[in-house]
Structure formats: C-alpha cells, structure tokens
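Structure record follows, encoded as structure tokens.
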Amino acid sequence: MLKDTIDAAIKQAMLAKDKVRLTALRSIKSQIMLAETAEGAHGAALTPDAELKLLNKAAKQRRDAAAIYKEQFRSELEANELAELAIIEEFLPAQLSEADLVERLVHIIQRVGATGPSDLGKVMGVAARELSGQADGKRISDVLGHLLNNTNL
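Its first residue numbered 2, the sequence shown is counted upward by one per residue in the numbering used here.
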C-alpha cells in the first residue's frame with residue numbers, strides 16, 4: 002500500500018535530515034489523506050489505480066511548476082521542483098522509452114482502426130487508459146499526433 006510505503010520513506014528522510022525529500026513525501030501523504038477523507042470516499046483506502054492517478058497528478062504539477070520557473074529564470078525554484086519530481090517518480094511505474102511508446106501506440110492505432118488526424122480523440126482515450134502511469138499524457142498526445150499525421154503505418 003502506497004501510504005505505508007510513504008510513511009516509511011518519511012521516517013527515513015527525517016533520520017537522514019533530507020528536507021527536500023521530506024517535503025515531497027509529506028506532500029504525497031497529504032494528498033493521499035485528502036483523497037481518503039474526500040466526500041464519498043468514506044475513509045476507505047485508495048485503490049492502486051487511484052494511487053497511481055494521485056502520483057501522476059503530483060508529478061504533473063511539479064513538471065508544470067518547473068516549466069513556469071524556467072520561463073521566469075528562477076533556477077533555484079525550478080531545481081527544487083525537479084528534485085521533488087524525481088522523488089515522486091520513484092513511486093511511479095517505469096516510464097516507457099520513446100521506441101516502446103511508439104510501438105505500443107502503433108499497435109493501439111491499428112487495433113482501433115484509426116486512419117488519420119481526425120481519429121486522434123478516439124485513439125487518445127484508449128491510449129491514455131492503457132498507458133496510464135507509463136507515459137505522460139502530453140507525451141502520448143505529441144507522439145500520437147505525429148503518428149496519425151504520417152499514416153504510413
């Protein structure tokens with residue numbers, strides 16, 4: 002269970018006096034607790050799928066914040082966000098390499114029967130579900146757009 006793993010990692014970070022790691026882990030734990038106590042959750046533990054969505058959301062927030070800080074030339078804040086992102090990614094499944102992502106997307110395109118850019122939405126829905134946690138949605142969308150524009154599959 003993710004919550005137990007995070008608790009153990011928090012203890013290790015406290016002993017090591019690693020402030021950045023501690024901040025990132027506490028943030029994840031806070032999001033887990035909020036999700037568990039949200040209206041309709043009835044205090045139930047999160048499913049593995051819900052945990053994955055939560056981690057992906059936290060990682061996306063860090064990526065977006067880092068990009069904003071980079072645009073504003075605030076390198077110290079960007080470095081902090083990227084450090085927290087690296088910690089969050091430790092708890093996510095391994096990301097697909099570019100070649101593996103293209104291969105999986107070509108297979109999905111052929112299975113769905115997509116023929117061009119107009120089918121992006123149809124393919125994106127299936128791809129986002131199947132590749133959840135293995136690739137960022139923006140990355141999937143970019144590669145799909147390129148593949149569907151080059152219909153020589």
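Glycine included, every Cβ here is placed at the ideal spot set by N, Cα and C.
Measuring CB to CB, does Val113 end up less than 7 Å from Val127?
yes
Top-ranked residue by Cα proximity to Leu23, from Glu85, Leu53, Asn57:
Glu85
Where in the region 59-107 do unbroken runs of the alpha helix (DSSP H), each at least 4 residues long, occur, reported from the N-terminal end onward?
76-90
Return yes when the Cβ of Leu93 is within less than 7 Å of the Cβ of Leu47, no when it is not.
no
Please give me, in chain order, every unbroken run of the alpha helix (DSSP H) with length at least 4 that falls completely inside the region 125-154.
138-150
If contact is defined by three or more beta carbon pairs under 8 Å, each pair taking one atom from either stretch, is the region 133-151 in contact with the region 117-124?
yes
Contact set for His43: own chain, Cβ-Cβ below 6 Å, skip 5 residues either direction:
none
Exposed unless 16 or more other CB atoms sit within 10 angstroms - verdict on Leu35:
exposed
Of the listed residues Ile109, Pro49, Lys30, nearest to Ile8 (C-alpha basis):
Note on residue identity: the sequence assigns Asp, not Ile, to residue 8. Considering only alpha carbons, the answer is Lys30.
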